[in-house]
C-alpha cells in the first residue's frame with residue numbers, strides 16, 4: 001500500500017509518496033486544482049491512503065479524495081506539532097512528517113463529518129462571522145458619533161426589522177423566542193432591612209460551632225491555632 005502525505009497551502013500543496021518500507025516513491029508540489037490532484041492520485045499503482053492536517057482547505061481535499069474512492073485521514077494540527085516538532089519547518093519536511101506518521105500508525109486523526117453536516121456548519125460559521133462584523137461596524141459608528149458629539153437616534157444604526165416595527169408596518173418580521181416559556185416569571189421579594197443588615201462575628205462563630213457539632217466526629221488531635229483563638233475570645 002502506498003501512503004501519501006499532503007502539506008496543504010493556499011495555491012500549491014506539497015505531496016510525498018512512500019511505500020510500506022518507507023522508501024520515497026515521489027515528491028512534488030502541485031497547484032490546488034481539482035483535476036491536477038485527482039490525475040496524480042489516479043496514476044499511483046495499487047492501494048493508496050492519503051493523510052493531511054487540519055487547515056482552511058482541508059475539506060476541499062477530503063471531497064476531492066473521496067471522489068476517487070481513496071481513504072483519507074485528517075490529523076489534528078496541534079497533536080502533530082507535539083509529536084513531531086522540528087526547528088526547520090518547510091513544506092517538504094511537513095509532508096514527510098505526515099506521511100511517516102500515517103505509515104507507522106501514529107497519525108493523530110480526527111473524525112470527518114458527513115458532507116451535509118459540513119455544509120450546515122460552514123453556513124452557520126459564515127452567518128456568525130457576518131453578524132459579528134456587522135455588530136463591530138455599528139459599535140464603531142456609535143463610538144465615532146459619541147467622539148464628535150453627533151446627535152443620533154437608536155434607529156439610525158438599527159436593523160431593517162427594528163425600523164419597520166417602529167414605523168408601525170405590519171410586514172416587519174418579529175423575533176421568535178427559542179423554546180417555550182416555562183411559566184410565569186418568578187416574583188422575587190424585595191430585600192428587607194433585616195436581610196441587608198451585616199452579620200456580627202458572634203453570629204458567625206455560633207453558626208460555625210453548630211455546623212461542627214452536627215458534623216460526624218473526627219479523629220482526636222491538637223486543635224489549630226485559629227480554633228484556640230476562637231475559644232479564648234468566647
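Residue numbers (the numbering used here): 1 to 234.
Where a beta carbon is used, it is the ideal one built from N, C-alpha and C, also for glycine.
For clarity, every value in this text was computed on a predicted model and none was experimentally measured.
Original post:
Taking the alpha-carbon positions, what's the residue 116 to residue 125 distance?
Top reply: Between residue 116 and residue 125, the C-alpha separation is close to 14 Å.
Original post:
How long is the line joining the alpha carbons of residue 65 and residue 132, rounded to whole angstroms?
Top reply: 34 Å
**OP:** In angstroms with no decimal places, state the Cα-to-Cα distance between residue 80 and residue 110.
**Re:** 11 Å
Original post:
Using CA coordinates, which residue listed in 53, 29, 200 and 24 is at the minimum distance from residue 74?
Top reply: 53
**OP:** Could you work out which residue in 7, 1 and 8 is closest to residue 18 when comparing CA atoms only?
**Re:** For the residues 7, 1 and 8, the minimum Cα distance to residue 18 belongs to 1.
**OP:** Check residue 131 in the structure and name its three-state DSSP category.
**Re:** helix
Subject >> Span of the alpha helix (DSSP H), counted from its first residue to its last, around residue 98 >> reply: 91-104
Original post:
Candidates 144, 38, 49 and 99: which alpha carbon is nearest residue 235's?
Top reply: Missing from the structure shown is residue 235; the chain here goes from 1 to 234 and no further.
Original post:
Which first and last residues belong to the beta strand (DSSP E) in which residue 110 is found?
Top reply: Counting along the chain, residue 110 falls outside any beta strand (DSSP E), and DSSP gives it neither H nor E.
Original post:
Ordered along the chain, which non-local residues of its own chain (more than five positions away) have a Cβ less than 7 Å from that of residue 11?
Top reply: 31 and 32
**OP:** Put residue 69 into one of helix, strand or coil per three-state DSSP.
**Re:** coil
Subject >> Cβ neighbours of residue 112 in the same chain (closer than 7 Å, five flanking residues each side left out) >> reply: For residue 112, where only same-chain residues beyond five positions count, the Cβ hits under 7 Å are 62 and 74.
**OP:** Classify residue 75 as helix, strand or coil using the three-state DSSP reduction.
**Re:** In the three-state reduction of the DSSP assignment, residue 75 falls in the strand class.
Original post:
Is the distance from the Cβ of residue 24 to the Cβ of residue 98 below 8 Å?
Top reply: No, they are not a contact pair.
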